[in-house]
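**Q** For the sequence shown, the numbering used here gives the first residue as 23, with consecutive numbering after it. Don't be surprised by glycine CBs; every beta carbon is placed ideally from N, CA and C. Computed from a predicted model, the values in this text were never measured in an experiment.
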Amino acid sequence: MERRTTSTAIPTSALKIEALSNISASFEVFCLASGVEALAEMMDHDAQAICGPRHARGHERRAHRWGKTKGKIGFHGGKVEIERPRLRSFEGREQALPSWEAAISEDWLGKWAMNQMLINVSTRKFARSVPA
23 MERRTTSTAI PTSALKIEAL SNISASFEVF CLASGVEALA EMMDHDAQAI
73 CGPRHARGHE RRAHRWGKTK GKIGFHGGKV EIERPRLRSF EGREQALPSW
123 EAAISEDWLG KWAMNQMLIN VSTRKFARSV PA
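(1) Grouping DSSP H, G and I as helix and E and B as strand, with all else coil, what is E230?
(2) First and last residue of the beta strand (DSSP E) that includes I104?
(3) Tell me, to the nearest whole angstrom, how far the beta carbon of R106 is from that of M65; I am working on the premise that it is less than 8 Å.
(4) What separation, rounded to the nearest whole angstrom, lies between the Cα atoms of N137 and A118?
(5) Measure the C-alpha to C-alpha separation of V102 and G114 and round it to an integer number of angstroms.
(6) Once DSSP output is grouped into helix, strand and coil, what is the label at P95?
(7) Taking only three categories from DSSP, how would you classify H77?
(8) Return the chain-ordered list of same chain residues with a C-beta closer than 8 Å to the C-beta of V58, the five sequence neighbours on each side being excluded.
(9) Rounded to whole angstroms, what is the Cα-Cα separation between E116 and D68?
(10) Report buried or exposed for C53, applying the criterion of at least 16 other Cβ atoms within 10 angstroms of its Cβ.
(11) Taking all protein chains shown into account, do 16 or more other C-beta atoms lie within 10 angstroms of the C-beta of A78, making it buried, or fewer, making it exposed?
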């Protein structure tokens, strides 16, 4: 009688690498989603500080809301599209949101690319260093 048993040994390295990449991707997506949510809250807070509460009238307002638009911020190996509020001054010019200006002035993509060069990532190894 021949008995076959299933090994309870540690999985092969390919399975480990796949599992690790799934964990890393999930964590990265979580961090990205959290960051986008935090930035959206900051932009809404800035819009309220400049324009006052939605549909409110008052003399202390410096601008009024003018819809929403999409902008891009560099993140790791690419750019992420984020919806942001638009504000107009009473003279009709676009009013900048301080949190959005701070986010786009920070060159995250450039810092990431510089880090890749500093750790000597060659073109052949680039796919391994970039999350899928």
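**A** Taking the structure as given:
(1) Look at the range of the chain in this structure, 23 to 154, and you will see that residue 230 is not part of it.
(2) Taken as a continuous stretch (DSSP letters only), the beta strand (DSSP E) holding I104 covers G100 to S111.
(3) Right, the Cβ-Cβ distance comes to about 5 Å (below 8 Å), so this counts as a contact.
(4) About 30 Å.
(5) When rounded, the separation of the alpha-carbon atoms in V102 and G114 is 29 Å.
(6) Looking at the sequence provided, one finds Ile at residue 95 rather than Pro. For I95, the secondary structure class from DSSP, reduced to helix, strand or coil, is strand.
(7) DSSP places H77 in coil when its eight states are reduced to three.
(8) Residues V102 and I104 of the same chain have their beta carbon placed closer than 8 Å to that of V58, with the five preceding and five following residues left out of the count.
(9) If you draw a straight line from the Cα of E116 to the Cα of D68, it comes to about 14 Å.
(10) Per the 10 Å Cβ criterion, exposed.
(11) Exposed: under 16 other Cβ atoms inside 10 Å.
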